[in-house]
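Below is one structure, written out as structure tokens; the observations come after it.
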Amino acid sequence: MNAQAVSNSTDEPFLRYWEKKQDGLVPSAWFSRAYLRARAALARKRLEEAFVGGAEKKETEDLLSVSEDRGEEQKREHAGEATRGTKKAADDGGRNGNEGKGLSKPLRGVCIAHYMTKNRIEEVILRLAARASGYVPVTINWDADGIDRVLYKIHSTQCKAVIVDEDVPASCRTRLAEAAEGHFHVLSAATLCSPSGDNLSEVLEKPICREIQESMQDCCLENLCSSTGCRLRIRTEEGSERSPAEADGESKDAVCLIVFTSGTTGLPKGAVLTSKNMETSCLSFRQLLELRDDLPLTVVIVNPLHHINSSVMLELALCCPRAKVHLVSRYTTSYWRVLAEIAEAAQQAAGMSGAPDPLKGDFRVVVPLVSRHIDFLRKLVDTASLPNGMSVQRLSRALKPKEIVVLLGSAPVGPTTVEAFRRLLGKLPSIRFGSTETCLQVMGTPFSLTDEERMRALERGWQHTYRGTPQPGYYIGRPHPPMTEVKIVKSTDSSDAEFMVPCEEGEPGMLICRGRNCMRGYTPSTEPSRSVFSSDHWYLGLGDVCFFLRPLEKGDQARHGEEEREEHGEGRGGIRGREARLEGRQSCQDSEACTDYYWVTRSADIVIKGGANYSSAQISEDIKECLLRLYEGKLAETHISVATVGMKLNSEHEDSCCVTVELTQGKRGLGDQENTEQGEKEQGNEEDAWKALVSDIQENFLSRVRTDSSLLPKSSLPDVLRIGTIPRNFKGLPDSAALKKCFAEHLKKND
Numbered sequence: 001m002n003a004q005a006v007s008n009s010t011d012e013p014f015l016r017y018w019e020k021k022q023d024g025l026v027p028s029a030w031f032s033r034a035y036l037r038a039r040a041a042l043a044r045k046r047l048e049e050a051f052v053g054g055a056e057k058k059e060t061e062d063l064l065s066v067s068e069d070r071g072e073e074q075k076r077e078h079a080g081e082a083t084r085g086t087k088k089a090a091d092d093g094g095r096n097g098n099e100g101k102g103l104s105k106p107l108r109g110v111c112i113a114h115y116m117t118k119n120r121i122e123e124v125i126l127r128l129a130a131r132a133s134g135y136v137p138v139t140i141n142w143d144a145d146g147i148d149r150v151l152y153k154i155h156s157t158q159c160k161a162v163i164v165d166e167d168v169p170a171s172c173r174t175r176l177a178e179a180a181e182g183h184f185h186v187l188s189a190a191t192l193c194s195p196s197g198d199n200l201s202e203v204l205e206k207p208i209c210r211e212i213q214e215s216m217q218d219c220c221l222e223n224l225c226s227s228t229g230c231r232l233r234i235r236t237e238e239g240s241e242r243s244p245a246e247a248d249g250e251s252k253d254a255v256c257l258i259v260f261t262s263g264t265t266g267l268p269k270g271a272v273l274t275s276k277n278m279e280t281s282c283l284s285f286r287q288l289l290e291l292r293d294d295l296p297l298t299v300v301i302v303n304p305l306h307h308i309n310s311s312v313m314l315e316l317a318l319c320c321p322r323a324k325v326h327l328v329s330r331y332t333t334s335y336w337r338v339l340a341e342i343a344e345a346a347q348q349a350a351g352m353s354g355a356p357d358p359l360k361g362d363f364r365v366v367v368p369l370v371s372r373h374i375d376f377l378r379k380l381v382d383t384a385s386l387p388n389g390m391s392v393q394r395l396s397r398a399l400k401p402k403e404i405v406v407l408l409g410s411a412p413v414g415p416t417t418v419e420a421f422r423r424l425l426g427k428l429p430s431i432r433f434g435s436t437e438t439c440l441q442v443m444g445t446p447f448s449l450t451d452e453e454r455m456r457a458l459e460r461g462w463q464h465t466y467r468g469t470p471q472p473g474y475y476i477g478r479p480h481p482p483m484t485e486v487k488i489v490k491s492t493d494s495s496d497a498e499f500m501v502p503c504e505e506g507e508p509g510m511l512i513c514r515g516r517n518c519m520r521g522y523t524p525s526t527e528p529s530r531s532v533f534s535s536d537h538w539y540l541g542l543g544d545v546c547f548f549l550r551p552l553e554k555g556d557q558a559r560h561g562e563e564e565r566e567e568h569g570e571g572r573g574g575i576r577g578r579e580a581r582l583e584g585r586q587s588c589q590d591s592e593a594c595t596d597y598y599w600v601t602r603s604a605d606i607v608i609k610g611g612a613n614y615s616s617a618q619i620s621e622d623i624k625e626c627l628l629r630l631y632e633g634k635l636a637e638t639h640i641s642v643a644t645v646g647m648k649l650n651s652e653h654e655d656s657c658c659v660t661v662e663l664t665q666g667k668r669g670l671g672d673q674e675n676t677e678q679g680e681k682e683q684g685n686e687e688d689a690w691k692a693l694v695s696d697i698q699e700n701f702l703s704r705v706r707t708d709s710s711l712l713p714k715s716s717l718p719d720v721l722r723i724g725t726i727p728r729n730f731k732g733l734p735d736s737a738a739l740k741k742c743f744a745e746h747l748k749k750n751d
């Protein structure tokens with residue numbers, strides 16, 4: 001039975017998969033929830049057969065990864081054999097006394113690593129199978145993890161299996177097979193999730209599939225997976241270690257996912273996330289975006305599913321009855337055309353043509369992005385390289401309605417980013433803030449804010465001063481009471497006299513948060529650590545320097561006026577619009593719910609000079625502005641990026657200010673054929689001028705700023721300058737650890 005047939009006959013379309021091909025993104029048919037449930041039920045049974053009974057070895061061998069030279073027909077035959085065994089096991093299970101008592105869960109609490117090479121439909125199916133069986137997925141970062149790190153994650157979480165897709169390199173599969181002997185299974189995602197060999201309509205009626213169906217019905221995610229027998233040991237907030245079974249007791253707040261985040265010494269740490277964490281984050285997004293059960297929701301997922309971002313977005317869609325998901329295998333240029341088409345289709349379905357109609361239905365399209373995507377788009381536009389049929393005008397027109405929510409996280413949003421959003425996407429960004437340890441969401445930009453209010457909030461941060469000194473900050477939103485609480489304190493070091501002492505309004509301090517979105521703990525690690533929770537459950541490990549500002553009285557009046565107009569039918573949606581906006585949202589009579597928070601820097605991104613702490617981000621911004629002034633007319637803002645790290649090169653107590661300047665020459669668009677010769681000549685002249693510019697910066701910039709005190713604040717003077725590439729993480733942010741390695745090599749080379 002194909003996906004389209006299932007969606008037409010038994011359920012509404014839920015998920016469409018866009019696979020990156022040579023010609024761009026190619027869509028699948030729509031998959032319904034029923035179809036995904038059926039395939040998840042089969043995957044669960046095949047997994048259980050690989051672990052349970054005397055046939056364990058045989059079943060495991062049947063499911064081992066197939067080599068790349070095997071044809072698709074052989075794979076389907078292989079899957080059919082496994083599936084026929086699945087049907088028999090399901091029937092036997094029913095005869096063995098499971099009726100009316102719930103199915104046994106031999107995988108409950110077992111950790112299984114998911115090693116994919118891109119977003120896949122199999123990952124979605126396996127997440128659903130994990131819900132029903134109680135096994136705990138452990139994510140592998142396909143962008144960054146070499147085989148040694150993959151094996152580290154498998155061993156540190158005591159995984160009993162790793163599920164691989166067909167594109168995992170042969171050399172990695174060989175290493176996995178060697179390490180697996182007697183320790184864990186290596187299983188094929190394609191074989192586990194294959195629909196071959198079964199009538200999916202019959203599978204839908206089995207108890208195992210009904211369990212998965214119940215798990216997709218609402219947002220009460222604590223009921224979706226249960227791992228009270230989990231064998232993994234975790235580090236709790238008190239610093240001790242115990243198993244999730246001991247931690248859970250009789251609670252249904254079960255571990256449901258382990259996502260690794262970077263450790264301070266380079267070793268990744270596994271954040272142990274529970275079903276209650278997931279539920280809380282989904283409820284926070286429902287409040288932030290003003291979602292209702294009757295509201296059509298479209299979620300466009302392009303960020304990797306091995307990150308917490310896409311994991312939570314998938315959960316959000318699963319618990320919203322009228323949600324649809326567009327899952328993109330990998331980012332590519334044609335993504336922007338696909339995004340425009342999705343946004344246009346959503347507006348058309350809602351009866352919109354250019355502007356919202358209060359008589360038509362409300363809707364949301366949620367598009368989570370990171371700053372790197374905006375950089376990619378800017379480069380496509382500047383080099384006239386947008387996909388066929390696309391233009392900036394079409395894209396901005398498609399994304400402009402407020403109901404199209406472009407969520408931007410993990411990066412400071414300054415004037416340059418805002419200008420880029422307005423020029424390229426026709427709107428202001430919706431900002432969200434959180435971390436892996438907080439299950440993605442702590443704060444965000446409320447959907448209810450007007451563009452005027454959003455802009456005012458952004459500008460307050462950029463223009464902020466504290467005690468007469470400029471102290472700019474970047475807006476990161478408002479918390480989600482009662483789901484999340486936040487506070488700014490002077491210190492998160494328990495040995496400090498100012499530990500947990502609150503900061504005053506506008507004073508930079510350490511951001512802490514509390515709520516059921518915060519992780520259970522970390523998986524064991526050889527990396528030394530201190531407790532990241534206070535005795536009263538505040539999470540202390542964010543490591544972000546922030547400040548807060550209370551709402552402006554004028555802003556409150558403007559917001560009140562808008563709601564009054566809505567109440568009398570003059571605003572978007574009339575009375576219905578006002579009710580929708582108030583649903584799930586804390587009234588601004590509660591000042592804490594309307595307090596705006598601003599990010600300054602990472603506490604780790606501090607340069608210590610003269611006994612004072614200076615923000616690396618601020619130093620980088622000062623140097624960038626200085627370069628633009630010195631080379632006005634020769635250097636554009638889009639040509640330059642700056643990153644700063646502090647390194648103790650000459651002192652045990654003070655940092656040397658190490659600055660990397662990345663210079664990117666702008667590309668000319670292609671002209672018509674008759675001007676080709678002239679264009680080539682001009683291009684050659686431009687390249688010569690660019691090389692001279694780079695050489696001048698490298699040889700003369702440091703001496704200029706050191707001799708002319710008017711060019712840079714003393715606190716922003718570089719000690720070491722490197723011209724080269726800035727290493728970045730997935731989010732597009734400078735990778736501090738990699739930068740320090742680059743500087744070490746640079747200094748060694750020039751010693």
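Under the UniProt record's numbering, the first residue of the sequence shown carries the number 1, and numbering increases by one thereafter.
All C-beta atoms, glycine included, are put in the ideal place defined by N, C-alpha and C.
Measuring straight from C-alpha to C-alpha, what distance separates Ala738 and Ala744? The residue labelled residue 738 in the question sits at position 738 within the sequence shown. The residue labelled residue 744 in the question sits at position 744 within the sequence shown. The straight-line gap from Cα to Cα measures roughly 10 Å.
Can you tell me which of Pro482, Val600, Ser736 puts its alpha carbon nearest to the alpha carbon of Gly509? Here residue 509 refers to the residue found at position 509 when the sequence shown is read from its first residue. The closest CA to that of Gly509, considering only Pro482, Val600, Ser736, is found on Val600.
Rounded to a whole number of angstroms, what is the C-alpha to C-alpha distance between Leu630 and Val694? Position 630 of the sequence shown, counted from the start, is the residue given in the question as residue 630. Position 694 of the sequence shown, counted from the start, is the residue given in the question as residue 694. Going by the C-alpha atoms only, they are around 13 Å apart.
Thinking Val365 and Val300 are a contact (beta carbons under 8 Å), I'd like their distance in whole angstroms, please. Counted from its first residue, the sequence shown places residue 365 at position 365. Counted from its first residue, the sequence shown places residue 300 at position 300. With 8 Å as the limit, Val365 and Val300 qualify as a contact, their Cβ atoms being about 7 Å apart.
Name the DSSP bridge partner or partners of Cys513? As a first step, residue 513 must be located in the sequence shown, where it is residue number 513. Paired residue(s): Val486, Tyr539.
For the beta strand (DSSP E) containing His373, list its first residue and its last residue. Stepping through the sequence shown from its first residue, residue 373 is reached at position 373. No beta strand (DSSP E) holds His373; the alpha helix (DSSP H) holding it covers 371-382.
Rounded to whole angstroms, what's the CA-CA distance from Ile121 to Gly506? Just pull it up for me. On the sequence shown, residue 121 is found 121 positions in, with the first residue counted as 1. On the sequence shown, residue 506 is found 506 positions in, with the first residue counted as 1. Going by C-alpha positions, Ile121 is about 46 Å away from Gly506.
Can you give the beta carbon distance from Tyr115 to Val168, rounded, assuming they're within the 8 Å contact cut? Within the sequence shown, numbered from 1, the residue matching residue 115 stands at position 115. Within the sequence shown, numbered from 1, the residue matching residue 168 stands at position 168. Right, their Cβ atoms sit about 6 Å apart.
His183, DSSP secondary structure in three states: Working through the sequence shown from its first residue, we reach residue 183 at position 183. The answer is coil: DSSP assigns His183 none of H, G, I, E or B.
Beta-carbon within less than 6 Å of Gly444's beta-carbon, same chain only, minus the 5 sequence neighbours each way: which residues are those? For the purposes of this step, residue 444 is taken as the residue at position 444 of the sequence shown. If we look at Gly444 and ignore the five residues flanking it on each side, its Cβ neighbours are Leu288, Arg432, Gly477.
Going by CA-CA distance only, name the one from Leu25, Lys20, Ala161, Ser710 that's closest to Ala49. Taking the first residue of the sequence shown as position 1, residue 49 is located at position 49. Before going on, a small fix: residue 49 reads as Glu here, not Ala. Looking at the Cα atoms, Ala161 is the closest of the given residues.
Alpha helix (DSSP H) segment containing Ser736, residue limits: In the sequence shown, residue 736 corresponds to position 736, counting from 1. First-last of the alpha helix (DSSP H) with Ser736: 736-749.
If distances are taken between C-alpha atoms only, which option among Asn309, Pro415, Ser396, Ala349 comes closest to Glu637? Position 637 of the sequence shown, counted from the start, is the residue given in the question as residue 637. It is Pro415.
Consult DSSP for Lys691 and reduce its assignment to one of helix, strand or coil. The residue you call residue 691 lines up with position 691 of the sequence shown. Helix.
Hey, is the segment 435-453 in contact with the segment 270-288, meaning 3+ C-beta pairs nearer than 8 Å? yes
Cβ-based burial, Thr469 [other Cβ within 10 Å; buried from 16]: Position 469 of the sequence shown holds residue 469. By the 10 Å Cβ count, Thr469 comes out exposed.
What three-state label does DSSP hand Thr191 in the structure shown? Walking along the sequence shown from the start, residue 191 turns up at place 191. Thr191 falls in the helix class under three-state DSSP.
DSSP state of Trp599 mapped onto helix, strand, coil: Along the sequence shown, read from residue 1 onward, the residue named residue 599 stands at position 599. Strand at Trp599.
DSSP three-state assignment for Leu717, whether helix, strand or coil: Residue numbering aside, residue 717 sits at position 717 when the sequence shown is read from its first letter. Correct three-state label for Leu717: coil.
When the Cα atoms are used, what is the spatial distance from Cys594 to Pro551? Within the sequence shown, numbered from 1, the residue matching residue 594 stands at position 594. Within the sequence shown, numbered from 1, the residue matching residue 551 stands at position 551. Their backbone Cα atoms lie some 6 Å apart in a straight line.
Leaving out five residues before and five after Asp294 in sequence, what residues of the same chain have Cβ atoms less than 7 Å from its Cβ? Stepping through the sequence shown from its first residue, residue 294 is reached at position 294. Here the set comprises Arg322.
Start-to-end residues for the beta strand (DSSP E) that takes in Tyr474: The count along the sequence shown starts at 1 and reaches residue 474 at position 474. Here the beta strand (DSSP E) through Tyr474 covers 474-479.
Buried or exposed: where does Val486 fall if 16 or more other Cβ atoms within 10 Å of its Cβ makes it buried? For the purposes of this step, residue 486 is taken as the residue at position 486 of the sequence shown. Buried, because 16 or more other Cβ atoms sit within 10 Å of the Cβ of Val486.
Quick one, which of Leu126, Ser156, Thr139, Tyr614 has its alpha-carbon nearest Leu192's? Numbered from its first residue, the sequence shown carries residue 192 at position 192. For the residues Leu126, Ser156, Thr139, Tyr614, the minimum Cα distance to Leu192 belongs to Leu126.
Is Cys282 helix, strand or coil by DSSP? Reading the sequence shown from its first residue, position 282 is the one you call residue 282. If DSSP states are grouped into helix, strand and coil, Cys282 belongs with the helices.
Between which two residues does the beta strand (DSSP E) harbouring residue 786 extend? The first residue shown for the chain is 1 and the last is 751, placing residue 786 beyond what the model contains.
Where DSSP assigns a beta bridge to Ile623, which residues make up the other side? The count along the sequence shown starts at 1 and reaches residue 623 at position 623. Answer is none; Ile623 lacks a bridge partner.
Cα separation between Val26 and Asp362? Position 26 of the sequence shown, counted from the first residue, corresponds to residue 26. Position 362 of the sequence shown, counted from the first residue, corresponds to residue 362. Distance between the alpha carbons of Val26 and Asp362 is about 29 Å.
Let me check understanding here. Comparing Cα to Cα, which of Leu408, Pro412, Gln441 lies closest to Leu425? Translated into the one-based positions of the sequence shown, residue 425 becomes position 425. Checking every option, the nearest Cα to that of Leu425 belongs to Leu408.
Can you give me the C-alpha to C-alpha distance between Gly24 and Gln441, rounded to a whole angstrom? Taking the first residue of the sequence shown as 1, we reach residue 24 at position 24. Taking the first residue of the sequence shown as 1, we reach residue 441 at position 441. About 32 Å.
Tell me, please, which residues DSSP counts as bridged to Ala161. Sequence index remark: in the sequence shown, residue 161 carries index 161 (1-based). Paired residue(s): Ile112, His185.
Under 6 Å from any heavy atom of the ligand ADP, does the C-beta of Ser133 make it? Although the ligand ADP was asked about, the structure shown includes no ligands whatsoever.
Below 8 Å on the Cβ atoms is my contact criterion, and I expect Leu369 with Thr333 to pass it. Report the Cβ-Cβ distance as a whole number of Å. Reading the sequence shown from its first residue, position 369 is the one you call residue 369. Reading the sequence shown from its first residue, position 333 is the one you call residue 333. Rounded, the Cβ-Cβ distance is 15 Å, inconsistent with contact.
Does the beta-carbon of Val545 have 16 or more other beta-carbons within 10 angstroms, so that it is buried, or is it exposed? Within the sequence shown, the letter at position 545 stands for residue 545. Under this definition Val545 is a buried residue.
Ser736 and Ile619: beta carbons closer than 7 Å? In the sequence shown, residue 736 corresponds to position 736, counting from 1. In the sequence shown, residue 619 corresponds to position 619, counting from 1. No.
Local conformation of Gly468 per DSSP, three classes: In the sequence shown, counting from the first residue as 1, residue 468 sits at position 468. Reduced to three states, the DSSP call for Gly468 is coil.
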